[in-house]
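Peer 1: Please find one structure pasted underneath; my questions will follow.
Listed below in structure tokens is the structure:
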């Protein structure tokens with residue numbers, strides 16, 4: 087008798103493309119979304135009041151991480167502030183010595199990735215910061231406003247949100263969004 091052929095299991099296309107991350111409770115999604123929206127509004131308003139913008143597009147992506155995945159290592163305050171600061175530094179360095187071209191965009195992002203990794207402050211949204219610098223032809227003042235000032239405001243909002251959640255969780259019988 088011939089041995090039975092065993093069919094090797096191949097995952098279906100659907101199993102390869104369906105979401106694999108765990109589901110997030112609706113109350114957490116709602117709380118994080120409101121906190122992210124308010125943070126972006128605060129960044130915009132603060133910039134208007136200060137007379138200088140402190141909102142950059144990469145901060146939208148940072149809000150996704152710090153509010154929806156607050157326990158992720160990449161969401162830590164040092165990663166948010168350090169990642170954006172170092173990435174801006176890389177973008178400004180490239181912009182000051184090289185022409186703005188397709189290859190300088192890649193070089194600035196690659197350099198930012200290497201510097202963030204070496205400094206152990208990887209924050210993926212910060213990879214967009216050098217692109218913004220090269221696209222807008224910003225000067226060295228961009229390092230402090232909007233990048234550093236905005237990252238500090240964003241981190242302060244995220245920490246305030248976490249503190250609020252902890253206080254709500256301590257109340258007896260209260261079900262607070264976990265984040």
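Residue numbers (the working numbering): 87 to 265.
Even glycine gets a Cβ: it sits at the ideal position worked out from N, Cα and C.
1. Rounded to a whole number of angstroms, what is the C-alpha to C-alpha distance between residue 258 and residue 176?
2. Could you say which of 141, 188, 256 lies nearest to residue 123 if we only look at CA atoms?
3. Just how far apart, CA to CA, sit residue 119 and residue 112?
4. Cβ of residue 173 within 8 Å of Cβ of residue 180?
5. Within its chain, find whatever has a CB closer than 6 Å to the CB of residue 186; leave out the 5 residues flanking it on each side and keep chain order.
6. Hey, would you say residue 211 sits closer than 8 Å to residue 144, going by beta carbons?
7. Run through DSSP, which three-state label would residue 143 get?
8. Anyone know if the C-beta pair for residue 207 and residue 128 falls short of 8 Å?
9. Relative to the C-alpha of residue 160, which candidate in 178, 202, 125, 133 has its C-alpha closest?
10. Could you spell out where the alpha helix (DSSP H) holding residue 255 opens and where it closes?
11. Do you know offhand how far residue 242's Cα is from residue 110's?
Peer 2: The relevant details are as follows:
1. As a position in the chain shown, residue 258 is number 172, starting the count at 1. As a position in the chain shown, residue 176 is number 90, starting the count at 1. Residue 258 and residue 176: Cα-Cα distance of roughly 49 Å.
2. Against the chain shown, residue 123 aligns to sequence position 37. Ranking 141, 188, 256 by Cα distance to residue 123 puts 141 first.
3. Walking along the chain shown from the start, residue 119 turns up at place 33. Walking along the chain shown from the start, residue 112 turns up at place 26. Straight-line Cα distance between these residues: approximately 10 Å.
4. Position 87 of the chain shown, counted from the start, is the residue given in the question as residue 173. Position 94 of the chain shown, counted from the start, is the residue given in the question as residue 180. Not a contact, by the Cβ cut-off of 8 Å.
5. If you number the chain shown from 1, residue 186 lands on position 100. Excluding residues within five positions, the ones whose Cβ falls inside 6 Å are 220.
6. Counting from 1 along the chain shown, the entry for residue 211 is found at position 125. Counting from 1 along the chain shown, the entry for residue 144 is found at position 58. Against a cut-off of 8 Å, the Cβ pair of residue 144 and residue 211 comes out as a contact.
7. Looking up residue 143 in the chain shown gives position 57. DSSP places residue 143 in coil when its eight states are reduced to three.
8. Along the chain shown, one-based indexing puts residue 207 at 121. Along the chain shown, one-based indexing puts residue 128 at 42. Cβ atoms of residue 207 and residue 128: not closer than 8 Å.
9. Reading the chain shown from its first residue, position 74 is the one you call residue 160. Among 178, 202, 125, 133, the Cα nearest to that of residue 160 is on 202.
10. For the purposes of this step, residue 255 is identified with residue 169 of the chain shown, where counting begins at 1. Counting along the chain, the alpha helix (DSSP H) containing residue 255 begins and ends at 235-256.
11. Within the chain shown, the letter at position 156 stands for residue 242. Within the chain shown, the letter at position 24 stands for residue 110. Roughly 24 Å between the two C-alpha positions.
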